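According to this note's numbering, the stretch in the sequence shown is residues 69 to 362, in order.
Think of the CB as a built atom: it goes at the ideal place given N, C-alpha and C, for glycine as much as any other residue.
All values derive from a computational prediction rather than experimental measurement.
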Amino acid sequence: MAAEKTPIQAYLGEDFEQIPDTSDARVLVGNGYVVKLASPALTERERRVLELAIQGFPVRVPRLVEGGISWVIMKEIPHAVEEWSDADLEQALTELAALHEAFLGSEILEQPWLRDPLDRDLEMLLAEARTPSSILDSELQELVRDPSEIVEFLRAQPKTLLHGDPFPRNVLRARSNVDIDSVATSGSNSHLVWIDWCHASVGPPAGDLASWLDQTPWAVDRPIDRLTHINTYLSAWKNPPDRDAFLKSLDASRVLWFFAYDLPRLRDLADSKPEIVTKINEEALRAYEAFRRG
């Protein structure tokens with residue numbers, strides 16, 4: 069008697085593939101479905117956001133099919149792989165602003181499944197960055213030991229639902245013939261579909277834009293005009309945040325994310341690509357100096 073198939077096997081079928089370069093999870097695709105295998109905490113965030121989207125959401129996300137303790141199954145989104153246009157980038161920024169404005173001060177922000185990088189998750193995020201390192205400027209070395217100056221400022225800013233890792237590789241451009249059942253209904257008929265919600269967080273809106281600005285040039289393999297992206301994002305708000313406070317929050321977020329995400333990886337490049345280490349280190353220091361002037 070043949071063994072009964074698991075839900076994952078039943079959806080994927082026999083002919084499936086694993087998507088490479090997904091550091092936090094295993095992602096399998098087959099038979100029109102996507103399966104993400106990850107830790108329970110990451111899986112719960114993904115599932116909770118996709119469930120939330122079923123009730124109405126300002127951006128499009130994949131349709132949730134089923135979920136378990138350490139896996140979620142979603143409908144596959146047929147998508148474009150060609151170069152990102154400026155119009156696509158502008159649309160993504162507009163949608164990011166819509167997400168942030170929709171959840172500003174929302175009761176959802178109290179949910180324990182959301183990541184909280186400014187409070188309960190802060191020490192964990194900075195643990196590796198605090199390992200002694202010679203690649204940091206002395207001023208940044210002191211700051212990473214005691215980041216309260218920037219953290220307290222960010223804690224005082226209005227909070228919203230953050231995607232947690234927003235950049236072009238986590239935004240699919242659905243093909244025009246995509247099955248409408250593949251995406252959760254939303255207030256948007258956009259061709260963009262936002263994926264990978266396993267780092268969904270609570271924090272100031274500038275936290276997501278800081279990630280977008282620093283990661284997008286690498287994702288699209290060309291420079292971006294940072295000021296244009298900032299202005300596009302802010303102009304998409306119906307009731308824009310105070311610009312000066314937002315820009316200061318943006319600088320503070322860039323420094324904090326540098327410590328949490330970039331610094332641990334830079335140590336591996338110190339010998340092989342010292343010029344990249346120097347450049348990113350200098351950018352973090354400039355952001356900190358701009359924060360202090362703001």
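- ARG188 and ARG131 have their C-alpha atoms roughly 30 Å apart.
- Rounded to whole angstroms, the Cβ separation of ILE218 and LEU324 is 6 Å, and the two are in contact under 8 Å.
- Under the DSSP assignment, TRP305 falls outside any alpha helix (DSSP H); it carries neither an H nor an E label.
- Contact annotation: the segment 135–142 does not touch the segment 165–185, with fewer than three C-beta pairs closer than 8 Å.
- Between PHE327 and the set GLN209, TYR79 and SER107, the nearest pair of CA atoms involves GLN209.
- ILE87 has VAL95 as its beta-bridge partners, per DSSP.
- Within the same chain, ALA160, LEU260, VAL261, TRP262 and ILE263 come within 8 Å of VAL239 by CB-CB distance, once the 5 residues on both sides are set aside.
- Of the other Cβ atoms in all chains shown, fewer than 16 fall within 10 Å of the Cβ of THR199; this residue is therefore exposed.
- In the three-state scheme derived from DSSP, where H, G and I count as helix and E and B as strand, ALA106 is classed as coil.
- ASN99 and TYR356 have their C-alpha atoms spaced approximately 48 Å apart.
- About 6 Å separates the beta carbon of ALA106 from that of CYS266, a gap short enough to meet the 8 Å contact definition.
- Under the Cβ criterion (8 Å, minimum of three pairs), the segment 298–312 does not count as touching the segment 341–352.
- By the beta-carbon neighbour count (other beta carbons within 10 angstroms, threshold 16), ASP89 is exposed.
- Under a 10 Å Cβ-count criterion, GLN283 is classified as buried, with 16 or more other Cβ atoms of the shown protein chains found around its own Cβ.
- Going by beta carbons, GLU163 and SER269 fall outside the 8 Å limit.
- Taking 4 residues as the shortest admissible run, the segment 311–357 contains the following complete alpha helix (DSSP H) segments, listed from N- to C-terminal end: 311–325 and 331–337.
- At the C-beta level, ALA320 and PHE221 come within 8 Å of one another.
- If you draw a straight line from the Cα of SER317 to the Cα of ALA274, it is about 6 Å long.
- Around LEU315, the same chain offers GLY362 as residues with beta carbons nearer than 7 Å, after the five sequence neighbours per side are excluded.
- According to the DSSP assignment, ARG213 belongs to the alpha helix (DSSP H) that extends over 206–213.
- For ASP293, the closest C-alpha among the options PRO309, GLU178, GLU158 and ARG241 is that of GLU158.
- Using a Cβ distance threshold of 8 Å, ARG243 and ALA313 do not count as a contacting pair.
- Shown here, ALA242 sits in a strand according to DSSP, grouped into three states.
- In the DSSP annotation of this structure, the continuous segment of the alpha helix (DSSP H) that includes VAL288 starts and ends at 274–288.
- Residue ASP339 holds the alpha-carbon nearest to the alpha-carbon of ILE203 among PRO146, ASP339, TRP280 and PHE359.
- Here THR296 is exposed: its Cβ has fewer than 16 other Cβ atoms, across all protein chains shown, within 10 Å.
- Distance from the Cα of ILE87 is smallest, within the candidate group ILE76, TYR79, ALA78 and LYS104, for LYS104.
- When only Cα atoms are considered, ARG223 and GLY271 end up about 8 Å apart.
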